[in-house]
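K.L.:
Residue numbering for the sequence shown follows our numbering, beginning at 265 and increasing consecutively. Glycine included, each C-beta is placed from N, C-alpha and C at the ideal position. Sending over a structure as structure tokens; questions will come in a sec.
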Amino acid sequence: MKNKYLSFLGGCLLAISMASCLDASVDNDSLGTVASAEEIAAHLDVHGITPGSNKVIIKNNNKEIGGMWDYLVGVTTAQCDTVLIPFLGEQTLKFYATCGGGQVIVEKKVQINIIDYPLDPSWAILAGEGTEGKTWVWDPNPGRGSWGCYGAGGYGWSADVPNWSCTAIGDTSPQGVTVSANEYITFDLNGGANATLHKADGTEIKGSFAFSMGTSADKAALKPSYRDGRLTGKGWVGTLTLKGVSLPSGFNYYTGAPSRGTFDIAVFNNKEMVLIEPDAGAVLCDPNWSSVSTHWCFVAKE
265 MKNKYLSFLG GCLLAISMAS CLDASVDNDS LGTVASAEEI AAHLDVHGIT
315 PGSNKVIIKN NNKEIGGMWD YLVGVTTAQC DTVLIPFLGE QTLKFYATCG
365 GGQVIVEKKV QINIIDYPLD PSWAILAGEG TEGKTWVWDP NPGRGSWGCY
415 GAGGYGWSAD VPNWSCTAIG DTSPQGVTVS ANEYITFDLN GGANATLHKA
465 DGTEIKGSFA FSMGTSADKA ALKPSYRDGR LTGKGWVGTL TLKGVSLPSG
515 FNYYTGAPSR GTFDIAVFNN KEMVLIEPDA GAVLCDPNWS SVSTHWCFVA
565 KE
């Protein structure tokens with residue numbers, strides 16, 4: 265998510281730097297001395313609208329010193345602004361101050377204890393609102409014509425569960441992948457977008473995730489269903505990407521190769537999630553029915 269604004273941030277910083285340099289070349293003495301970071305920080309105010317809230321007020325109370333705030337997922341040049349920070353824990357914001365013909369970078373910290381104002385409600389659905397995050401376990405009863413929570417289907421034709429071949433909890437796939445009830449994944453926002461795979465042997469693998477809602481028109485036109493048989497009415501809704509970690513049974517169902525880590529989000533609400541990864545080169549709703557996808561069906565741990 266942070267990558268979305270990096271180019272904009274770079275452009276803003278370049279513009280501020282150029283303005284400072286231009287002003288300094290004209291009459292540097294008239295602009296006075298550059299204030300220290302400590303002096304500027306003493307007149308910067310950063311706090312949640314309530315203690316620990318992720319809705320944060322940022323205010324520059326310095327006289328005759330302007331600048332730009334970098335609040336992790338965006339930037340603002342307003343003297344006073346209210347922003348949403350989607351990560352828990354102690355967060356460090358940066359203020360790029362311009363004064364005396366120079367630029368000073370100042371850091372201010374704020375403690376986030378609860379995501380009471382998510383950037384998008386989907387973040388809270390996936391990762392919860394508290395420090396414990398949210399855990400997703402295998403769906404014991406995926407329904408919709410499937411007898412297992414991990415398996416394969418036709419990419420797009422199988423719009424939700426795996427209905428070509430599948431494996432249920434406690435069983436082992438033809439490629440030797442066991443679907444263990446003791447293996448699950450937890451998403452949290454403690455300092456960043458974190459994903460932790462809990463293995464059946466008790467070990468943990470930690471990584472990160474990128475999460476975006478919205479997809480192509482052809483994927484949004486598909487007709488997946490919830491576990492109770494109701495159409496979601498949304499088509500596929502977004503993309504989840506994992507880095508440094510995999511899903512439980514994180515392997516291509518037919519080949520046994522490790523998952524590449526980028527998944528279509530086919531079904532998604534507070535209680536269930538179906539993720540789909542196409543084989544390399546797969547064509548959505550291939551008219552030849554030769555494009556395969558691997559499917560993972562989860563429910564939120566109660």
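On the DSSP bridge assignment, give the partners of HIS559 in chain order.
P.N.:
Answer is GLY415 and ILE540.
K.L.:
Taking the alpha-carbon positions, what's the ALA388 to VAL556 distance?
P.N.:
Rounded to whole angstroms, ALA388 to VAL556 spans 31 Å at the Cα level.
K.L.:
Taking the Cβ atom as the reference point for each residue, do TYR448 and VAL401 lie within a distance shorter than 7 Å?
P.N.:
It is a contact, given that the beta carbons lie within the stated cut-off.
K.L.:
Whose C-beta lies closer than 8 Å to the C-beta of GLU468 among residues of the same chain, with five residues either side of it excluded?
P.N.:
Taken in chain order, the residues that qualify are THR460, LEU461 and HIS462.
K.L.:
List in chain order: all unbroken alpha helix (DSSP H) runs of 4+ residues lying wholly within the stretch 359–418.
P.N.:
Complete alpha helix (DSSP H) runs here, min 4: 385–391.
K.L.:
Looking only at its chain, what residues have a beta carbon closer than 6 Å to the beta carbon of THR346, apart from the 5 residues adjacent to it on each side?
P.N.:
Hits under 6 Å: ILE321.
K.L.:
In terms of residue numbering, what span does the alpha helix (DSSP H) encompassing ILE449 cover?
P.N.:
Unbroken run through ILE449 is the beta strand (DSSP E), 448–452; no alpha helix (DSSP H).
K.L.:
In or out: GLU536 buried (at least 16 other Cβ within 10 Å) or exposed?
P.N.:
Buried, by the Cβ-count rule.
K.L.:
Going by DSSP in three states, GLU566 sits in which element: helix, strand or coil?
P.N.:
In this structure, GLU566 counts as coil in the three-state DSSP scheme.
K.L.:
In whole angstroms, what is the alpha-carbon distance linking SER489 and THR496?
P.N.:
If you take the alpha carbons of SER489 and THR496, they lie about 5 Å apart.
K.L.:
Have a look at ASP384 and LEU348 and give me their C-alpha separation to the nearest angstrom.
P.N.:
Each residue's alpha carbon lies about 10 Å from the other.
K.L.:
Classify ILE304 as helix, strand or coil using the three-state DSSP reduction.
P.N.:
Reduced to three states, the DSSP call for ILE304 is helix.
K.L.:
Indicate whether the contact test is met: 3 or more Cβ pairs, each with one atom in the stretch 368–375 and one in the stretch 474–489, closer than 8 Å.
P.N.:
No, the stretch 368–375 is not in contact with the stretch 474–489.
K.L.:
Can ILE304 and ALA361 be called in contact, C-beta distance under 7 Å?
P.N.:
Yes, these two residues count as a Cβ contact at 7 Å.
K.L.:
Just list the residues that DSSP pairs CYS344 with in beta bridges.
P.N.:
Beta-bridge pairing links CYS344 to LYS323.
K.L.:
Kindly say whether LEU495, judged by its beta-carbon, lies nearer than 7 Å to any beta-carbon of chain B.
P.N.:
Among the protein chains of the structure shown there is no chain B, as only one such chain exists.
K.L.:
Shortest alpha-carbon distance to VAL337 belongs to which of SER386, PHE515, LEU390 and PRO350?
P.N.:
Closest option to VAL337, Cα to Cα, is PRO350.
K.L.:
Assign ALA484 to one of three DSSP states: helix, strand, or coil.
P.N.:
In the structure shown, ALA484 sits in a helix (DSSP, three-state: H, G or I).
K.L.:
Run through DSSP, which three-state label would CYS285 get?
P.N.:
Residue placement at CYS285 is poorly supported in this model, since its pLDDT is 35, which falls under 50; the coordinates still yield a value, given next. Helix.
K.L.:
Please report the residue range of the beta strand (DSSP E) in which ALA459 lies.
P.N.:
458–462 is the extent of the beta strand (DSSP E) around ALA459.
K.L.:
Given this structure, state the Cα-to-Cα distance separating SER513 from TRP333, to the nearest angstrom.
P.N.:
SER513 and TRP333: Cα-Cα distance of roughly 42 Å.
K.L.:
Have a look at LEU352 and LEU539 and give me their C-alpha separation to the nearest angstrom.
P.N.:
Looking at the two C-alpha atoms, the distance is approximately 25 Å.
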